[in-house]
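Residue numbers (our numbering): 3 to 87.
Quick reminder that beta carbons are idealized off the backbone N, C-alpha and C, glycines included.
Computed from a predicted model, the values in this text were never measured in an experiment.
For reference, the structure is listed below as structure tokens.
Here it is in structure tokens:
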């Protein structure tokens, strides 16, 4: 397995939480388990926040004491569907 900070990983949004720092999405991934993503303008790319059950692409994974965190995330697109070779 390559280094996680260089991986683009598909995951499913399993929950959302509002915090003082902003809204957080929890994304379940096959290889890394649950990953958190801060849904602010620094981390989230695109318009509109994801919804529970939606697929997203995450990258820039970093391991913290409480689990994995993605530094970038965006919605899963048709182009991603076509790149599953």
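Name the DSSP beta bridge partners of residue i, please?
i: residue 30; result: 14, 36
i: residue 72; result: 39, 63
i: residue 57; result: 14
Quick test of your reading: residue i and residue j, contact by CB under 8 Å. State the CB separation rounded to the nearest angstrom.
i: residue 29; j: residue 7; result: Incorrect: roughly 16 Å between the Cβ atoms, too far for contact.
i: residue 51; j: residue 41; result: 5 Å
i: residue 76; j: residue 38; result: The pair is not a contact, with the Cβ atoms about 16 Å apart (cut-off 8 Å).
Would residue i and residue j be called neighbours here (beta carbons separated by less than 8 Å)?
i: residue 57; j: residue 9; result: no
When the Cα atoms are used, what is the spatial distance from residue i to residue j?
i: residue 48; j: residue 12; result: 16 Å
i: residue 23; j: residue 85; result: 34 Å
i: residue 16; j: residue 34; result: 14 Å
i: residue 81; j: residue 18; result: 25 Å
i: residue 46; j: residue 67; result: 22 Å
i: residue 32; j: residue 55; result: 15 Å
i: residue 79; j: residue 59; result: 9 Å
Do we get a CB-CB distance below 8 Å when we pair residue i with the residues of chain B?
i: residue 70; result: Among the chains of the structure shown, chain B does not appear; only one protein chain is present.
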